[in-house]
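Working notes, structure below.
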Amino acid sequence: MMAKRLPGTSRPLRLSRPPAVALVCLGLFLLCCAFVPRFATFGNIENVLRVASILCVVACGQAVVILLGGIEFSFGASAALASVVTVMALPVLGPVGGLATGGASVIAIGAVNGFLVGRLALPPVIVTLGTLMMASGAAAWLVGGLPIDAPPSAAFSWPARGRVLGVPVPILAALLACAALHLMLAHGRIGRLWYHVGANPVAARLAGLDVTRITTLGYAVAGAFCAVGAIILTSRVASGQPALAPNLPFETIAACAIGGLPLSGGRGRVSQVVFGVLTVAMLNNAVVLINLPVAWQLVLLGLAVLAAVGLQKDWAVLARLARRTDR
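Mind the numbering: the sequence shown is residues 807 to 1133 in the working numbering, read in order.
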């Protein structure tokens, strides 16, 4: 009797996907070094990595949701609500308590999203758009639509500006987030369950899996990744901003799509997220350095996402043809 292979954990026997995103990322880096002024300086490279690190942490959460066959549009509004809640809680709970409270609000939103998607079988797009509007409205209502400054505090600024053994805290957070997600997907039981549910939720339910619990936990874990990113963002801007990071969900989706994660769910690796994030971060940085309008960031990201999804489809067709030829 042959053992069943989990979706996303085995390699095709004949035709394996080439590391296209790694080559694209390397090619973009070399092009930026050659043609973008001041790109290949130590200070700018560190800045790119700092910005990429926040995106990477949140993109790890987006990857979990995509593995489950969903999509998360509420990350930006959740981060904005977290920043407002954090700054409002600072006078009472202090820096650590305030940041923890803000982070907990993001995890709670993620868990609610997961419950609505898993238990009530509501479309993830509709659910996360709904919580996006609710979180955005709540953040604006709490502060009257205006940012509020956080009191100066070394502890509060540490997540964004601190260093551990010379490594900036945001970069360290990204490394830890990637390591944690890799362990869950490659070695953890919960990762295997996410693959199962994302590949075929109906079959997973018929097999006796608790799809509601698995989905709720997945969205909550995604919220935890977003919470870490929100904490770093709030620390960096040193204020509670009801309009913080409005493009965050789109950039994380773009990073996952450019990295090659199938938006249909059930497959994906952490390395794809990392290369996708680096590509997005370099594109954004290059736009700034060559003095293009900031709006061009979204234009270029949109083109990159369309190209990535098109290449995924073409490669899937080639893979199917190869399998038919082998029979």
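For each residue, glycine too, the CB sits at the ideal point set by N, CA and C.
The distance from the Cβ of Gly1014 to that of Gly920 is about 19 Å, inconsistent with a contact at the 8 Å cut-off. In this structure Arg844 is exposed. Its beta-carbon is surrounded by fewer than 16 other beta-carbon atoms within 10 angstroms. Contact check between the segment 880 to 894 and the segment 937 to 956: three or more CB pairs, one atom from each, fall below 8 Å, which counts as touching. When secondary structure is reduced to three states using DSSP, Ser1070 falls in the coil class, being assigned neither helix nor strand.
DSSP places Ser880 outside any alpha helix (DSSP H), giving it a letter other than H or E.
Apart from the 5 residues on each side of it in sequence, Ala1087 sits with its Cβ closer than 7 Å to the Cβ of Val854, Val857, Ala858 and Leu861 in its chain, given in chain order.
A straight line joining the alpha-carbon of Ser1070 with that of Ala828 spans about 22 Å.
Here the segment 1057 to 1065 does not lie against the segment 905 to 915, with fewer than 3 beta-carbon pairs under 8 Å apart. In the three-state reduction of the DSSP assignment, Pro1052 falls in the coil class. Straight-line measurement puts the Cα of Gly1082 at about 12 Å from the Cα of Leu834. Per DSSP, the continuous alpha helix (DSSP H) segment holding Gly849 begins and ends at Phe848 to Leu873.
DSSP places Pro958 outside both helix and strand once states are collapsed to three, so it counts as coil. According to the DSSP secondary-structure assignment, Pro1099 is paired through a beta bridge with no residue.
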